[in-house]
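Heads up, the thing below is written out as structure tokens.
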Amino acid sequence: MVNFERTITKFLLYILFMFLTFTYFTLYGMAAVGLTPSQHLAAVISSAFYSLWNLHSGFLIPKPSMPKYWVWFYYICPVAWTLRGIITSQLGDVETILVGPAFKGTVKEYLEVTLGFGPGMIGVSVAVLLGFNVLFFSIFAFSIRYLNFQKR
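Counted the way the working numbering counts, the sequence shown spans residues 257 to 408.
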């Protein structure tokens, strides 16, 4: 396991971030199906977006290492906000010393230097993830209300 600290606050934050993540993935899928004329096209488009989200989430390429002309995509990537929220809420206050070939300091300092995850972003991450949920739901509601792909 990851050996997270066993406190009720961290547990509830983890559950909140996982709930928001599953919700926006579900709502994104619903919006993709609503915007496209077939489920097959929605699957292809969703697959492309999932790949882009995975690439620009900060997991494969951390934000400080990203080219400056791609940082904008990091900020509109919901998976990046999920990772930022979970990692910051679970490890952002850990003062354990890390010693490695390229870094010596605490876990908190490592997150700030290597990943660019500063303190105080948990609330912002929750707000942004709620915003993505509202956005994807609104797109879905608009698409099923105003778009009609039926052929007669």
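Every residue gets a Cβ at the ideal spot worked out from N, C-alpha and C, and that includes glycine.
These numbers were taken from a predicted model, which means no experiment stands behind them.
query: Quick one, are the C-beta atoms of phenylalanine 273 and serine 345 less than 8 Å apart?
result: yes
- prompt: Hey, would you say glutamate 368 sits closer than 8 Å to glycine 374, going by beta carbons?
  reply: yes
query: Does the separation of the CB atoms of leucine 339 and valine 363 fall below 8 Å?
result: no
task: Closer than 7 Å by C-beta to leucine 349: which residues in its own chain qualify, once you throw out the five before and the five after it? Chain order, please.
output: Residue identity check: residue 349 is aspartate in the sequence provided, not leucine. If we look at aspartate 349 and ignore the five residues flanking it on each side, its Cβ neighbours are Lys364.
- prompt: Can you list the beta strand (DSSP E) stretches of 3 or more residues lying completely in the region 323-379, in chain order?
  reply: 353-355 and 360-362
message: I'd like to know whether the C-beta of valine 335 is nearer than 8 Å to at least one C-beta of chain C.
response: Any reference to chain C falls outside this structure, which holds one protein chain only.
message: Please give me, in chain order, every unbroken run of the alpha helix (DSSP H) with length at least 4 that falls completely inside the region 272-327.
response: 295-311
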